[in-house]
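S.K.: Dropping a structure here in structure tokens format, bear with me for questions.
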Amino acid sequence: MFQDVLAALPLGLFLAFLLGPVFFVLLETAAIKGFRAAFAFDLGVILADIVFLFIAYLSTTKLLSRIKDDPALFLFGGMILATYGLMSFVQTKKVLRQDDDTPEIRKLSKSDYFGLAVKGFLLNFINIGVLGFWLGLIIVFGPKLDMEEDRIMVFFGSVLGTYLILDIFKILLAKKLNRKLTPSRIYLMKKGISILLIVFGGMLIFQGLFPNQVIEIKDQIETISPNDTIKN
């Protein structure tokens, strides 16, 4: 069991620093709304990961392989993500305050924290690529764990635990940025995050509309060897 925990640590480290929409929104939430808000958001993200893991474990590999590569799901998820980013971009207003250079983190209610958790869950859940990620891990590590339920739970629990602990450190670091955030910088940060969400959504839409081209690009990348790169 201890070996399974050690094997899970590098994977949790990789997951914590995997760049994606959740990564940037988490940092934004921590910097602007504080630790508790970001932690609530992160719990929603991890809950979505747990749901995906549950689906990946209980469903058959053949069925999930067909689902994760369905262009319609990529198209649907991409449209939602891009629409959310576009709405966030349009709704972000530049409000400059003369009396205060540092934004004050307002107190949030329980409903606000719940809303942030739901936001984290949905933002992670609409990305069908996350399902493919967890499915791949089940396929790769499942046999190495002898498909034993206890070992699988310990392994993936350690992955998510490592991910959560590292996210806490990211939140604490991002929270310190609040002292350097002026209203103008907050405006630019929100606009930048919105643009990133639109870009990630556009990538999913492209994958849904042109699945064959995406496969060809992946095949071309895989066929390029280091020797060929050096020669060129």
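Under the UniProt record's numbering, the residues of the sequence shown are numbered 1 to 232, in order.
Virtual Cβ for every residue (Gly too), placed ideally from N, Cα, C.
The structure presented is a predicted model; accordingly, all values stated were derived computationally and were not measured.
Fully enclosed by the region 159-204, which alpha helix (DSSP H) runs are 4 residues long or longer?
M.R.: Listed in chain order, nothing qualifies, since the region 159-204 has no complete alpha helix (DSSP H) run of 4 or more residues.
S.K.: Indicate the three-state DSSP secondary structure (helix, strand or coil) for S88 in the structure shown.
M.R.: helix
S.K.: If you pair each beta-carbon of the region 111-122 with each one of the region 33-41, do three or more pairs fall below 8 angstroms?
M.R.: yes
S.K.: Which residue wins for smallest C-alpha separation from G129, given the options L11, I32, A56?
M.R.: A56
S.K.: Would you kindly check if the distance between the Cβ of L13 and the Cβ of L166 is under 8 angstroms?
M.R.: yes
S.K.: Short of 6 angstroms in beta carbon distance, which residues of its chain neighbour L196, apart from the five on each side in sequence? Order them along the chain.
M.R.: These residues qualify, in order along the chain: F24.
S.K.: Could you give the DSSP three-state label for S111: helix, strand or coil?
M.R.: S111: helix per DSSP, three-state reduction.
S.K.: Taking the alpha-carbon positions, what's the Q3 to D150 distance?
M.R.: 13 angstroms
S.K.: Assign K33 to buried or exposed, taking buried as 16 or more other Cβ atoms, counted over all protein chains shown, within 10 Å of its Cβ.
M.R.: buried
S.K.: Within 10 angstroms of the Cβ of K175, are there 16 or more other Cβ atoms? Answer buried if so, exposed if not.
M.R.: buried
S.K.: With distances taken from CA atoms, which of M1, L47, L6 is nearest L164?
M.R.: Minimum Cα distance to L164 is reached at L47.
S.K.: State the Cα-Cα distance for the pair K191 and F141, rounded to the nearest angstrom.
M.R.: Roughly 39 angstroms between the two C-alpha positions.
S.K.: Let me know the secondary structure DSSP gives I139 once reduced to three states.
M.R.: In the structure shown, I139 sits in a helix (DSSP, three-state: H, G or I).
S.K.: Which residue from V45, L135, K110 puts its Cα closest to that of I126?
M.R.: V45
S.K.: Can you list, in chain order, the residues of its chain with a C-beta nearer than 7 angstroms to that of I193? Leave out the 5 residues immediately preceding and following it.
M.R.: F24, V25, E28
S.K.: Grab the span of the alpha helix (DSSP H) containing G20 for me, first residue to last.
M.R.: That residue, G20, is in no alpha helix (DSSP H); it is neither H nor E in DSSP.
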